[in-house]
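Residue numbers (the working numbering), protein chains in the order written: chain A, 1065 to 1358; chain B, 10 to 306.
Notes to accompany the following structure.
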Amino acid sequence: MTTVATPPAAVETLAPKRKPRQKTGPGSIFKYLLALIFLIIVLMPMYVLIVTSFKSGADIGVTSQWNLPETWTLASWEKAWNVLRPSFIRTFELAVPVAIISSLIGAANGFVLSRWRFPGADVVFTLILFGMFIPYQAVMIPLREIVTTLGIPPGITTLVFVHCVYGIPICTLIFRNYYATTVPEELIEAARVDGAGLLRTFGRIILPISIPGFVVTIIWQFTSAWNDYLFAIFLSNTRNGPITIALNALAGAQSPDYAASMAGALITSLPTLLVYVLLGRWFIGGLMAGSVKS
Amino acid sequence: MRKLRHWGPGLLLLSPSLILLAIFVYGLIAWTTKVSVSDEHNALGSKGFVGLENYTKLFTEDINDRFTHSLKNLALFTIVFLVGAMFFGLLWAFILERGVKAEGFFRTVYLFPMAVSFVASGVVWRWLMNPNKGENAGGLNAVLGGLGLDFAQSTWWTNPNWGMASMAIPAIWQLAGYVMALFLAGFRGIPAELREAAAMDGASTYRLYRNVIFPQLTPVALSALIILGHMSMKMFDLIMSVSGPQWLTEVPAIYVWQTLLTSDYAKAAAISIILLLLVAVVIVPYLIYTNRQEKNA
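Encoded structure:
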């Protein structure tokens, strides 16, 4: 049984198959030079975010953007944290349930679609996938109307529901690809011969070997719920919405406090960056799965 | 009866999702379409059906050709974004593919912007793309000045003609790493035998890449283009965060939002449906294509 529990193919796809040949020569130096230049370019915005967040008063200006702070201060971090704290907590209340619920739904769907080739399964799968690509503006007007007509208060609960529904396609896709590539047909067949029904096969045999799939969808859904702005702006406000709304209010004011905005942007990005750094391998796996083809 | 027992449990497990998607994707799209052919131009509701009037008006009677302007902005943004992200993504993947020490480190750094939200990165990019030049330059202009490239200093997104091209810079920064990851997976997925066979035939490195490796990457490139393309058409967060909603950088996704603020539901619905069609034109053939490919496999 344990041999079945291999991680999804996507996880290791990025590791080099062969040992990189280490040549030294002009070509090799040029290669490293390019790689380093791009590294610096990619990190530049991060540098500005970090140094500005520790600046204060006259230190903060357009022309001194690239300078290190004259005096390092945590004042802006404190200010940003005070503004963002309530929404920071709310965003956890949003992203964690979304990640868990969507993953469970995705696992069930993915399993069914990877094994039970009922007539029209391909069409159904394509119709499910299309939901992942739609511009959500095309559903937003009635969505808002439903929410107001039913008297559902704007805020986190509504957003959890919406993210779970519109997360179904991607989670279904990830799990379908995972099951199609990693769970051998014989295992399902053996369960079927033993008289186990679909639900029992799923619960007893499939779920326990699905952890790598769950890691991918949980990271994916956590990140997209955490970073979402579009649903948030339509279905919540600064008092009850997630952190992206609060950050935009902090940074988008008429004369924004740049240091506090930058500190706020860092605070906002911290959870997803942490998830990314700690679980980067699987995060990449999720990105791969997002490319539709297994 | 036997058929039902065979497919029944699976469909039962699948049906809640199917019902939810039927309602919240297809049902609501139908609803939006209905609003788009009505005259619901204010909060008072609709008085009747007006056919395609809202659509034709967008192209013919919109003040200052606002809608056409937003489409042009979107087109310029999309072209620069796609070309930029594909170019850098492929280049980075190629560099890493050639073998670099500490590859994992480079990979992580190139990819990390993907984990940051557009709203958060917009905060810093708004500042980096400060239009001040010369003595007062900051951000990117200061870097260009420091490198002696003063002529390249730009007013960035505030430029009325080419501003949207600058708006693509943050988007490229954020997603080139993603394209790199896709291509890198593509490179690594090529069987070693293929490379060896080419080496046996005495192919030069150039020929190896030109005739063996790059053709194998076509499906990856297609996936990347589709994913970036549909993201680009939906672009909202980034522009809202960098410039806020304003004429210079308006795209259809933002136009919808602005129109809703004036309670012109019919017009907002018409714009959203056009946006949906733009995305569908790209996505639907792609989904059908991947479906066929899978069947043949």
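Built from N, CA and C at the ideal position, the CB exists for glycine as well.
Nearest chain A C-beta to R219 (chain B) closer than 9 Å, yes or no?
Taking Cβ atoms only, chain A never reaches closer than 9 Å to R219 (chain B), which makes this a no.
Bounding residues of the alpha helix (DSSP H) (the contiguous stretch that carries H239 (chain B))
For H239 (chain B), the enclosing alpha helix (DSSP H) stretches over residues T227 to M242.
To the nearest angstrom, report how far apart T1332 (chain A) and D1292 (chain A) are at their CA atoms.
Near 12 Å, if we compare the C-alpha coordinates of D1292 (chain A) and T1332 (chain A).
At the level of alpha carbons, what is the spacing between T214 (chain B) and G98 (chain B)?
Cα to Cα, the separation comes out at about 21 Å.
Indicate the three-state DSSP secondary structure (helix, strand or coil) for F58 (chain B) in the structure shown.
Per DSSP, reduced to three states, the secondary structure at F58 (chain B) is strand.
Which ranges would you report for the alpha helix (DSSP H) in the segment 1139–1200 of chain A if only whole runs of at least 4 residues count?
Qualifying alpha helix (DSSP H) stretches, in chain order: 1139–1179 and 1185–1197.
Could you say which of A:I1273, A:C1228 and A:S1128 lies nearest to G147 (chain B) if we only look at CA atoms?
With distances taken between Cα atoms, G147 (chain B) lies closest to A:S1128.
Taking 9 Å as the threshold (C-beta atoms), are I1238 (chain A) and G1267 (chain A) in contact?
Contact flag unset, no.
Could one say the Cβ of K1095 (chain A) lies closer than 9 Å to chain B's Cβ atoms, at least one of them?
Closer than 9 Å: yes.
Mind checking whether L1207 (chain A) and F33 (chain B) have CB atoms under 9 Å apart?
Yes, they are a contact pair.
Helix, strand or coil, according to DSSP, for S1128 (chain A) in the structure here?
Of the three classes helix, strand and coil, the one that applies to S1128 (chain A) here is coil, per DSSP.
Note down the Cα distance separating L91 (chain B) from I235 (chain B), rounded to an integer number of angstroms.
Taking the straight line from one Cα to the other gives about 10 Å.
Extent of the continuous alpha helix (DSSP H) to which N1291 (chain A) belongs:
It spans I1275 to N1291 - the alpha helix (DSSP H) in which N1291 (chain A) sits, taken as one unbroken run.
Rounded to the nearest angstrom, what separates N73 (chain B) and A275 (chain B) at their Cα positions?
Distance between the alpha carbons of N73 (chain B) and A275 (chain B): 19 Å.
For F115 (chain B), would you say it is in contact with chain A, using Cβ-to-Cβ distances shorter than 9 Å as the test?
So yes, F115 (chain B) belongs to the interface.
Partner residues on chain B for Q1129 (chain A), Cβ-Cβ distance less than 9 Å:
Chain-ordered, the chain B residues with CB closer than 9 Å to the CB of Q1129 (chain A) read W136, L137, N139, G147, G148 and A151.
Is it a yes or a no for the segment 1137–1150 of chain A touching the segment 1321–1336 of chain A, going by three-plus beta-carbon pairs under 8 Å?
Because the criterion of three Cβ pairs below 8 Å is met, the segment 1137–1150 of chain A and the segment 1321–1336 of chain A touch.
Look up S126 (chain B) in the DSSP assignment and say whether it is helix, strand or coil.
In this structure, S126 (chain B) counts as coil in the three-state DSSP scheme.
In the structure shown, what three-state DSSP assignment does S79 (chain B) receive?
Here DSSP, grouped into helix, strand and coil, assigns S79 (chain B) to helix.
Three-state secondary structure (DSSP) of W16 (chain B)
It is helical.
Less than 9 Å between the C-beta atoms of M1108 (chain A) and V152 (chain B), yes or no?
The Cβ atoms of M1108 (chain A) and V152 (chain B) lie closer than 9 Å to each other.
Inter-stretch contact at 8 Å, needing at least 3 Cβ pairs: the segment 198–215 of chain B / the segment 151–171 of chain B
Verdict: no, contact absent.
Taking the straight line between their C-alpha atoms, what separation do you get for Y1111 (chain A) and I1104 (chain A)?
Looking at the two C-alpha atoms, the distance is approximately 10 Å.
What residue does the alpha helix (DSSP H) around S40 (chain B) start on, and which one ends it?
With the sequence shown as reference, residue 40 (chain B) is identified as Trp, and Ser is not the correct amino acid for it. Segment L37 to S45, the alpha helix (DSSP H) holding W40 (chain B).
Output the boundary residues of the alpha helix (DSSP H) element that contains W266 (chain B).
Here the alpha helix (DSSP H) through W266 (chain B) covers P261 to L270.
Suppose you measure from the CA of G1089 (chain A) to the CA of V109 (chain B); what does that come to, to the nearest Å?
CA-CA distance, G1089 (chain A) to V109 (chain B), rounds to 13 Å.
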